[in-house]
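**Q**
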Amino acid sequence: MRFFLTIATIALLALSSCSTISHTSEQLYVESKVVSVTVADMNVQPQRVEHTTSWKWNPFRVVSVSGEKDKATGELLKELKADVLVEPQYIVKRRGIFRGGSVTVSGYPATYHNFRPMTEQDATTIATLDGRLNCGGAVINTSAPIGVFKESKPGFFKRMVFKVKGLFSH
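The sequence shown lines up with residues 24 to 193 when you count with our numbering.
1. Apart from the five residues on each side of it in sequence, which residues of its chain come closer than 6 Å, Cβ to Cβ, to residue 21?
2. Residue 106 to residue 136, Cα distance in whole Å?
3. Buried or exposed for residue 119, please, with buried defined as at least 16 other CB atoms from any protein chain shown within 10 angstroms of its CB.
4. Check the DSSP bridge columns for residue 73 and list the partner residues they point to.
5. Is the CB-CB distance between residue 90 and residue 108 below 7 Å?
6. Where in the stretch 76-139 do unbroken runs of the beta strand (DSSP E), each at least 3 residues long, occur, reported from the N-terminal end onward?
7. Could you tell me which residues DSSP pairs with residue 64 in its beta bridges?
8. In the DSSP assignment, what residue or residues form a beta bridge with residue 57?
9. Count the other C-beta atoms from every protein chain shown that fall within 10 angstroms of the C-beta of residue 86, then say buried if there are 16 or more, exposed otherwise.
10. In this structure, how does DSSP classify residue 148 when only helix, strand and coil are distinguished?
11. Return yes when the Cβ of residue 128 is within less than 7 Å of the Cβ of residue 150, no when it is not.
12. Can you confirm whether residue 145, when its beta carbon is compared against all beta carbons of chain D, has any partner nearer than 7 Å?
13. Do the stretch 138-147 and the stretch 76-84 make contact, defined as three or more Cβ pairs closer than 8 Å?
14. If the criterion is Cβ atoms closer than 7 Å, does the pair residue 100 and residue 74 meet it?
15. Check residue 28 in the structure and name its three-state DSSP category.
16. For residue 133 and residue 50, what's the separation of their Cα atoms in angstroms?
17. Starting from the Cα of residue 114, find the closest Cα among 138, 55, 62 and 126 and give me that residue.
Printed below as a string of structure tokens:
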């Protein structure tokens, strides 16, 4: 009797469900991008300026030439209160393996001003004067959809669940 009761309990638990799951809708992946383009005017100073930084040899520090270039450029921009250096040129001098070296940077300091959202006139000017002197097509497309709708294929597990559901629904 006890054996029969145990088998009946196991069978009842195996055939019962804790909850019922129902889906009212399917999900689709929507790829979307929000773009806000800001343009600004640049005021470039007419005279070329230069700045030199140097380093001494230190056995506990590895010197990166590109890091020293960035340091020299940053110090020059900070000194002149500029935003960017136009046409930077670098002169790197090494005094020997145990003596250090120096980096001299020169260029035209420039500042940005008059920040504004891009207009169609700005877009046309940028497309026309991009260095090739040709317009590569419309830069601003106001009729383009915001998102691209793609129907995604369900994963392996979800497909198997649908197949099993289909077997029992007929």
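Cβ coordinates follow ideal geometry from the N, Cα and C atoms, glycine included. Please read these numbers as outputs of a predicted model, since none were measured by experiment.
**A** With the structure as the only source:
1. Missing from the structure shown is residue 21; the chain here goes from 24 to 193 and no further.
2. Your numbering for residue 106 matches position 83 in the sequence shown. Your numbering for residue 136 matches position 113 in the sequence shown. Approximately 10 Å between the Cα atoms of the pair.
3. The residue given as residue 119 occupies position 96 in the sequence shown. Exposed: under 16 other Cβ atoms inside 10 Å.
4. Here residue 73 refers to the residue found at position 50 when the sequence shown is read from its first residue. When DSSP reads this structure, residue 73 sits in a beta bridge with 129.
5. Numbered from its first residue, the sequence shown carries residue 90 at position 67. Numbered from its first residue, the sequence shown carries residue 108 at position 85. Cβ atoms of residue 90 and residue 108: not closer than 7 Å.
6. 107-119
7. Within the sequence shown, the letter at position 41 stands for residue 64. According to DSSP, which records beta bridges pairwise, residue 64 is partnered with 136.
8. Counting from one through the sequence shown, the residue named residue 57 turns up at place 34. Paired residues: none, contrary to the question.
9. Within the sequence shown, numbered from 1, the residue matching residue 86 stands at position 63. Looking at its Cβ environment, which holds fewer than 16 other Cβ atoms inside 10 Å, residue 86 is exposed.
10. Locating residue 148 in the sequence shown gives position 125, where the first residue counts as 1. In the structure shown, residue 148 sits in a helix (DSSP, three-state: H, G or I).
11. In the sequence shown, residue 150 corresponds to position 127, counting from 1. In the sequence shown, residue 128 corresponds to position 105, counting from 1. No, these two residues do not count as a Cβ contact at 7 Å.
12. In the structure shown, chain D does not exist; there is a single protein chain.
13. no
14. The residue you call residue 100 lines up with position 77 of the sequence shown. The residue you call residue 74 lines up with position 51 of the sequence shown. Taking 7 Å as the Cβ cut-off, residue 100 and residue 74 do not qualify as a contacting pair.
15. What you label residue 28 is simply residue 5 of the sequence shown in a count that begins at 1. Note: residue 28 maps to helix in three-state DSSP.
16. Translated into positions along the sequence shown, residue 133 becomes position 110. Translated into positions along the sequence shown, residue 50 becomes position 27. Between residue 133 and residue 50, the C-alpha separation is close to 50 Å.
17. The count along the sequence shown starts at 1 and reaches residue 114 at position 91. If we check each option's Cα against that of residue 114, 126 comes out closest.
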